[in-house]
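Just below is one structure, and these are the notes that go with it.
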Amino acid sequence: MKTSSVIFGLAVALAGPAWGQLARTADVKDIPLRNGVHMFMGAGGNVGVSVGDDGVVIVDTQFAEMVDRLTAAVKAISSKPITYALNTHWHFDHTGGNEGFGKAGVRIVAHENVFARMSTAQVMPAMNMKFDPSPAPALPVLTYSDNSTLRANGLAIQMIHLPAAHTDTDAMIVFKEANVVHTGDVYTRLTYPFVDTASGGTLRGMIKARKTILAATNADTQVIPGHGALSTPEELKASIAMLEEMEKRTTAAIRKGQTLEQFVASNPTKDFDATYAPRPDQGKVFATRAYEDLARVEKKK
Ligand SMILES: [Zn+2]
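Here it is as structure tokens:
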């Protein structure tokens, strides 16, 4: 199976949780939020769910192996069919279930760059992964270039493109009347971000995107991060301060002529690791990626 080898590829590359194992066995945990909006946690990216009279709208589809368990979890909270699946970005741990849902008649909606990347071969050198073009049922049937709004279950469900952030395919999904926002991987809770430069992501774009998300919140907003437990605008705000400080330190080092090795050896993330590095090597990995990304930008000047 292609999907399985892809999942094992990630597991090996991350030397972290066994994603393949997780995808085959993970239970779906339902976290009810407001106005019929729920957050599902399972394996892969968090799933946003809107239930109500108009049918069920889901945001992201985790892995192919999760489709049956996600469908069962939806059935436990609604007798209505799943009508739409919105994708926050193209990555396999957020779109792996697209094919299964698409075959079941769920309409996939995403930014036009999600279609562009999923319909062609892709690489993720940071994780040593390659992807074949996705089969037709996995692809979005409806795309947008900037923003789009789906009205269902008494909610305006807004899809707002965030350019060149985690990837070039990102959108935040706002469940307007519920005051809930799904950030996709533009924001992950209490971890350093992964800026996928091979898919058009940039650190500065990610900082800007997190500020756009923060501006759409108030103190009561419930924040569904791409990965991790339910979050708050406070935590999002703190993560922006961390990224801005890291951007400043990295840019200063590059302009001073420090090499990547010297920069990483200076342990530039040390005061943030306790909060954002569940594993000790993650500060170094993030510092390396930040340097490589910003060095490329600085060289262009
Ligand atoms: Zn991602």
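The sequence shown runs 842 to 1142 under the numbering used here. Here a beta-carbon is modelled for each residue, glycine too, at the ideal position from N, C-alpha and C.
Helix, strand or coil at Thr990 according to DSSP, with G and I counted as helix: strand
Through-space distance from Gly861 to Pro1034, alpha-carbon basis: 22 Å
Gly943, buried or exposed, once every other Cβ within 10 Å from all chains shown has been counted against 16: Gly943 is buried by the Cβ-count criterion.
Boundaries (first-last residue) of the beta strand (DSSP E) holding Gln1063: Gln1063 to Ile1065
Coil, strand or helix - Ile1054 by DSSP: helix
DSSP state of Val1138 mapped onto helix, strand, coil: helix
Run of the beta strand (DSSP E) containing His1023, from where it starts to where it stops: For His1023, the enclosing beta strand (DSSP E) starts and ends at Val1021 to His1023.
As assigned by DSSP and simplified to three states, the class of Phe1104: helix
Distance cut-off 7 Å: His930 Cβ against heavy atoms of ligand 1: yes
DSSP beta-bridge partners of His952: Tyr985
Rounded C-alpha distance that separates Lys1052 from Phe956: 26 Å
Spatial neighbours of Gly1069 in its chain, beta-carbon cut-off 8 Å, leaving aside the 5 residues before and after: Asn887, Thr1029, Arg1030, Leu1031 and Thr1032
Simplified DSSP assignment, three categories, for Leu1031: Leu1031 carries a coil assignment under DSSP once its states are collapsed to helix, strand and coil.
For Ser1080, the three-state DSSP class (helix, strand or coil): Correct three-state label for Ser1080: helix.
Residue burial classification, Ser1080 (beta-carbon count within 10 angstroms, cutoff 16): buried
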